[in-house]
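**Student:** Numbered by the numbering used here, the letters in the sequence shown go through residues 79 to 226 in order. Ideal Cβ positions, reconstructed from N, Cα and C, are used throughout, including at glycine. All values derive from a computational prediction rather than experimental measurement.
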Amino acid sequence: MSSQDEIPGKCKDHPETTLEIFCVTCNKSTCKECTNFESCTAEHETKPILVAIAEFNKKANEVLMSAEEVKQQLEATYQALMKDKEEFDAHVQLCKAAIERRTQEIIEKVKEESQEMLMNLDNVSRQSNEIESQQIIAKSKDIRFRNN
Ligand SMILES: [Zn+2]
Ligand SMILES: [Zn+2]
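Here is the structure:
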């Protein structure tokens, strides 16, 4: 019979007998029929089997609890990271929008200014044309005047 077939709470060496103690020194459960029972109770650190089981369950629960805590902490960290990332992305979006808006403003401004410069240039050339034609008129008058 393998140790897996062991009846819970019964001694694996004496299946009719309930385990009495757990010897901490031997790291072994023992029943009254076991040969080491007397020496263990006399010389070793022992616990009633129910206490040992309760302690084992408590430890197992603690391990499960701490595993659950670690899991929760990891999840919280992950959530915080995701939130930071979302905020960062949102910030990047805002920055992009601001840059695009500013670029658009600058483009509009440059367009306005170049329009104005073109208009000024037109005016200048019109004025110089006017001056030229006035000069031509004046000259032709002059010539006519001299010829008369
Ligand atoms: Zn036994
Ligand atoms: Zn012992």
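For a test of your reading of the model: does the CB of H92 fall under 7 Å from any non-hydrogen atom of ligand 1? Yes or no.
**Tutor:** H92: yes, Cβ under 7 Å from ligand 1.
**Student:** Which residue's Cα is closest to the Cα of K88: C104, K161, Q171, K110?
**Tutor:** Nearest option by C-alpha distance: K110.
**Student:** Just reading off the beta strand (DSSP E) that C101 is part of, what are its end residues?
**Tutor:** Its beta strand (DSSP E) spans residues 97–101.
**Student:** Suppose contacts are defined by Cβ-Cβ distances below 8 Å. Is E123 in contact with T103 by that definition?
**Tutor:** Yes, the pair counts as a contact, with Cβ atoms nearer than the cut-off.
**Student:** So, are the CB atoms of E98 and T113 less than 8 Å apart?
**Tutor:** No, the Cβ-Cβ distance between E98 and T113 is not below 8 Å.
**Student:** Is it buried or exposed, F258, if we count other Cβ atoms within 10 angstroms and call 16 or more buried?
**Tutor:** Residue 258 lies beyond the stretch modelled for the chain, which goes from 79 to 226, so this question has no answer here.
**Student:** Please state the DSSP three-state secondary structure of K149.
**Tutor:** Here K149 sits in helix by DSSP.
**Student:** If you reduce the DSSP assignment to three classes, tell me which class K88 lands in.
**Tutor:** Residue state, collapsed to three classes: strand.
**Student:** Using the C-alpha atoms, what's the distance from R204 back to Q212?
**Tutor:** Roughly 12 Å separates the two Cα atoms.
**Student:** What residue range does the alpha helix (DSSP H) around C109 cover?
**Tutor:** Element bounds for C109: not the alpha helix (DSSP H) but the beta strand (DSSP E), 106–109.
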